[in-house]
Amino acid sequence: MKKSSFITFIFDLDGVITETSEYHYKAWKIVCDKIGYNLTRKKNEELKGVNRKQCIELIMQWSNIQLSENEINIYLEEKNNIYNGFIKNLNQNDVCEGVLNFINEALKKNIKIALYSASRNAKKILCQLNIIDLFTVIIDGNNVSNSKPDPEGFKIAADLTKTNTENCVVFEDSFYGIEGANKLNMYTVGIGSKDVLNNANVVYKGFENLKIKDIINV
Ligand code: BG6
Ligand code: MG
């Protein structure tokens with residue numbers, strides 16, 4: 002548990018605020034089948050928090066298949082098109098259980114709310130979910146040069162909210178996201194399974210029964 006002073010909560014999007022991580026997996030699975038690689042759910046954990054281009058680089062490495070720059074671009078576009086097909090009807094009912102209450106309680110306690118997602122689709126999704134106005138700062142895949150586990154996006158979020166990194170609490174469903182935030186001594190809250198997120202300060206299954214006082218002393 003963190004001591005409260007001046008706090009910012011930094012949320013990941015896919016797999017934390019909404020279950021779009023499942024759509025990323027399904028879209029990559031279709032593309033990987035075409036490439037000739039069997040993408041398992043276990044291996045997919047290593048694609049979470051990783052940007053689009055680096056995902057295909059990892060897939061080439063795992064499958065030992067070398068694609069040309071042209072093929073890479075075609076597969077990346079195809080993956081994004083499939084993904085966009087899955088999310089086209091996403092709406093406010095797709096916000097994960099408990100997230101809205103949790104954010105609104107935090108806002109009442111003057112905690113700043115920021116978002117850092119590796120996804121270049123993040124702002125569109127926040128608009129579809131009708132929650133974009135809750136965030137003081139939004140950092141997405143378009144604003145960073147280095148993907149998680151690099152801490153770049155977390156540092157930008159801390160700077161823009163004028164918060165010391167030790168006073169940031171990060172909510173993440175990916176091992177690499179937690180790793181990035183840990184590098185800045187942020188307090189890390191894993192959302193998902195303790196087996197996968199064994200590098201987080203604390204892990205919860207979701208926000209359903211989570212209270213602000215479980216995370217910080219307020
Ligand atoms: C992250 C997901 O949020 O965004 C990754 O965890 C995904 O799995 C990454 O690869 C990039 O997303 P997009 O929408 O820019 O292809
Ligand atoms: Mg995520």
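One rule links them: number in the numbering used here = place in the sequence shown (from 1) + 1. Yeah, the Cβ is synthetic: ideal placement off N, Cα and C, and Gly gets one too.
Glu-173 and Asp-13 closer than 8 Å at C-beta: Working through the sequence shown from its first residue, we reach residue 173 at position 172. Working through the sequence shown from its first residue, we reach residue 13 at position 12. Contact: yes.
Ile-18, DSSP secondary structure in three states: Here the question's residue 18 lines up with position 17 in the sequence shown. In this structure, DSSP gives Ile-18 a state outside helix and strand, which the three-state scheme calls coil.
Coarse secondary structure for Val-197, derived from DSSP in three states: The sequence position of residue 197 within the sequence shown is 196, counting from 1. In the three-state scheme derived from DSSP, where H, G and I count as helix and E and B as strand, Val-197 is classed as coil.
Test item: CB-CB of Tyr-38 and Ile-66 under 8 Å: Walking along the sequence shown from the start, residue 38 turns up at place 37. Walking along the sequence shown from the start, residue 66 turns up at place 65. Result yes, Cβ atoms of Tyr-38 and Ile-66 sit closer than 8 Å.
Same chain, Cβ closer than 7 Å to Lys-110, five either side skipped, listed in chain order: As a working note, residue 110 is residue 109 in the sequence shown. Counting only Cβ-Cβ distances below 7 Å, and skipping sequence neighbours, we find Ile-213, Val-219.
Reduced DSSP secondary structure (H/G/I, E/B, other) of Tyr-245: Outside the displayed range of the chain (2 to 219) lies residue 245, so it cannot be described from this structure.
Beta strand (DSSP E) runs contained entirely in the segment 103-178, provided each spans 3 or more residues: Counting only runs of 3 or more, we get 113-117, 138-140, 169-173.
Any non-hydrogen atom of the ligand MG within 7 Å of Asp-13 CB: Locating residue 13 in the sequence shown gives position 12, counting from the first residue. At least one heavy atom of the ligand MG falls within 7 Å of the beta-carbon of Asp-13.
Residues near Tyr-26 by beta carbon distance below 6 Å, same chain, minus five either side: Your numbering for residue 26 matches position 25 in the sequence shown. Asn-45.
Euclidean distance between Cα positions of Ile-88 and Asn-202: As a position in the sequence shown, residue 88 is number 87, starting the count at 1. As a position in the sequence shown, residue 202 is number 201, starting the count at 1. Ile-88 and Asn-202 have their alpha carbons spaced roughly 31 Å apart.
Residues near Val-197 in its chain [Cβ-Cβ closer than 7 Å; skip 5 each side]: As a first step, residue 197 must be located in the sequence shown, where it is residue number 196. Once the five neighbours on either side are set aside, the close Cβ partners of Val-197 are Glu-46, Phe-176.
Given 8 Å, three or more beta-carbon pairs between the segment 114-123 and the segment 58-76: By the C-beta criterion, the segment 114-123 is judged not to be in contact with the segment 58-76, since fewer than 3 inter-stretch pairs fall below 8 Å.
Cβ neighbour criterion (16 or more within 10 Å) applied to Ser-146: Here residue 146 corresponds to residue number 145 of the sequence shown, with the count starting at 1. By the 10 Å Cβ count, Ser-146 comes out exposed.
Closer than 7 Å: Asn-81 CB and nearest the ligand COA heavy atom: Here the bound small molecules are the ligand BG6 and the ligand MG; the ligand COA is not part of this structure.
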